[in-house]
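Here the structure is laid out as structure tokens; the discussion comes afterwards.
Okay, here's the thing in structure tokens:
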């Protein structure tokens, strides 16, 4: 090769001649080389760049997530089946609704409100950890929900702590209470129809046991209250009778009423005798006999003696003595205190009788089931799965991908426009 041969790359000082197909440079040194290499790259028009971004965004944000989701749903995801049962809480009519009762006093609420309250208790129980713990002896819930090992997204991980297992439980057991009708609907999810039906049946049995325990607890409360009423009434009666015994001992009268009656009869007989003697004395004086005769004096002394005895007996009954003073221990005064005790005793006896009658009724009602659960839709075997709803999920993923793709595209376009 001669010295006149042209170099493969022009020096930095060379210039491109018009119409020459060689590389052109601007500037000096290595900058010219880089610009010549850049000139060899294919140039993209704005439309081509937009189309390229469109394809990349479509793949990244729509097609790739949609394909991964479809693959998981159709290959790995296990079908989930639902078993449903419906029930309502009922109460038997109480036979003593027309009369005051311990049960009515304790419950003291609207019957419909009480039924809704019982239903809400069951609703909260089915969502609680207690229900999950109560089923351990009957149904292996963890093993049932962790069985599809390939479905790592929807299955239950046995290693999860109890708090996360409880959240999973609340997603797979869904009770709903209709406050208008009082009907509770429970939907139970599992990976086989048999597991769903078995778990739903066990939950229904647990709900019935809870309702029975609530009824027994209320009946025991009513029974204890009725027994307390009887004990209090009997204690009150014993107190009154003890006061009556103390009254008899203090006044030395076994039967105050009978004693007063006997004294009154004595007074009556004395008054009759006094009236007879006065009549005899009046006859003697009216007959013109000697008023100082011995038999007339005897009549006068007998009349005076009877009058004094009548005053004494009368004072014993009513209180005033011969001197006109009050007698604190008169029969009338003592009898009034005893009569008050007798009235109090009768009231105490009536209270004991009412309390004993109420106790008998409460014991009879305690033997009945006043609150019970009525299941009118029993758990059954599902024939088709209800989850996952593959096409719905795929449409949601596609819609979400398109929205995200559009947001990113608008953001990038805004950045480019701001930069230009």
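In full-length UniProt numbering, the protein residues as written are 1 to 420. Heads up, the beta-carbon is just placed ideally off N, CA and C, and yes, glycines get one too.
*Can you give the Cα-Cα distance for residue 132 and residue 163, rounded to whole angstroms?*
Taking the CA atoms as reference points, residue 132 sits about 11 Å from residue 163.
*Output the boundary residues of the beta strand (DSSP E) element that contains residue 174.*
Per DSSP, residue 174 belongs to the beta strand (DSSP E) from 173 to 177.
*In chain order, what residues of the same chain have a beta carbon less than 7 Å from the beta carbon of residue 223, not counting five sequence neighbours either side?*
362, 363 and 366
*At a cut of 8 Å, does the segment 185 to 192 reach the segment 158 to 174 through at least three beta carbon pairs?*
yes
_With a threshold of 8 Å, are at least 3 pairs of Cβ atoms found where one atom belongs to the segment 403 to 411 and the other to the segment 67 to 80?_
no
*Starting from the Cα of residue 80, find the closest Cα among 113, 60 and 154 and give me that residue.*
154
*Would residue 234 pass as a contact of residue 352 if the rule is Cβ separation under 7 Å?*
yes
*Would you kindly work out how many angstroms separate the C-alpha atoms of residue 387 and residue 114, rounded to a whole number?*
36 Å
*Which value, in whole angstroms, describes the spacing of the CA atoms of residue 140 and residue 63?*
40 Å
*Would you identify the three-state DSSP class for residue 152, choosing helix, strand or coil?*
coil
_So for residue 135, helix, strand or coil by DSSP?_
coil
*asked:* Looking at the strands, I want to know which residues DSSP matches up with residue 308.
replied: DSSP lists no partner for residue 308.
*Could you work out which residue in 193, 69, 134 and 128 is closest to residue 384 when comparing CA atoms only?*
193
_Checking 7 Å against the spacing of the C-beta atoms, do residue 236 and residue 348 come in under that value?_
Note that the C-beta distance between residue 236 and residue 348 is below 7 Å.
*Does the segment 120 to 138 come close enough to the segment 57 to 71 to have 3 or more Cβ pairs within less than 8 Å?*
no
_Contact check, residue 355 vs residue 266, beta carbons under 7 Å_ = no
*If we ignore side chains and look at the alpha-carbon of each, how far apart do residue 168 and residue 156 end up?*
Cα to Cα, residue 168 sits roughly 7 Å from residue 156.
_Taking the beta strand (DSSP E) that residue 190 belongs to, which residues open and close that run?_
183 to 190
*Under the three-state reduction of DSSP, which class applies to residue 375: helix, strand or coil?*
Strand.
*In whole angstroms, what is the alpha-carbon distance linking residue 415 and residue 56?*
Residue 415 and residue 56 have their C-alpha atoms spaced approximately 18 Å apart.
*N-terminal and C-terminal residue of the beta strand (DSSP E) that residue 86 is part of*: 81 to 91
_Measuring alpha carbon to alpha carbon, tell me which residue in 304, 243, 290 and 246 is nearest residue 270._
304
*What are the partner residues of residue 387, as DSSP defines its beta bridges?*
80
*Report buried or exposed for residue 71, applying the criterion of at least 16 other Cβ atoms within 10 angstroms of its Cβ.*
exposed
*Separation of residue 218 from residue 393, as counted between CA atoms*: Taken atom to atom, the span from the alpha-carbon of residue 393 to that of residue 218 is near 49 Å.
_Can you tell me whether residue 249 sits near the ligand GTP, meaning its C-beta is under 6 Å from at least one heavy atom of the ligand?_
With respect to small molecules bound, the structure shown includes none, and the ligand GTP cannot be examined in it.
*Whole angstroms is fine: what's the gap from residue 345's alpha carbon to residue 336's?*
C-alpha separation (whole angstroms): 14 Å.
*If you draw a straight line from the C-alpha of residue 412 to the C-alpha of residue 69, how long is it?*
When rounded, the distance between both Cα atoms is 27 Å.
*Do you know offhand how far residue 176's Cα is from residue 84's?*
11 Å
_Using a Cβ-Cβ cutoff of less than 7 Å, which residues in the same chain neighbour residue 216 once the five nearest sequence positions on both sides are dropped?_
So no residue of the chain qualifies.
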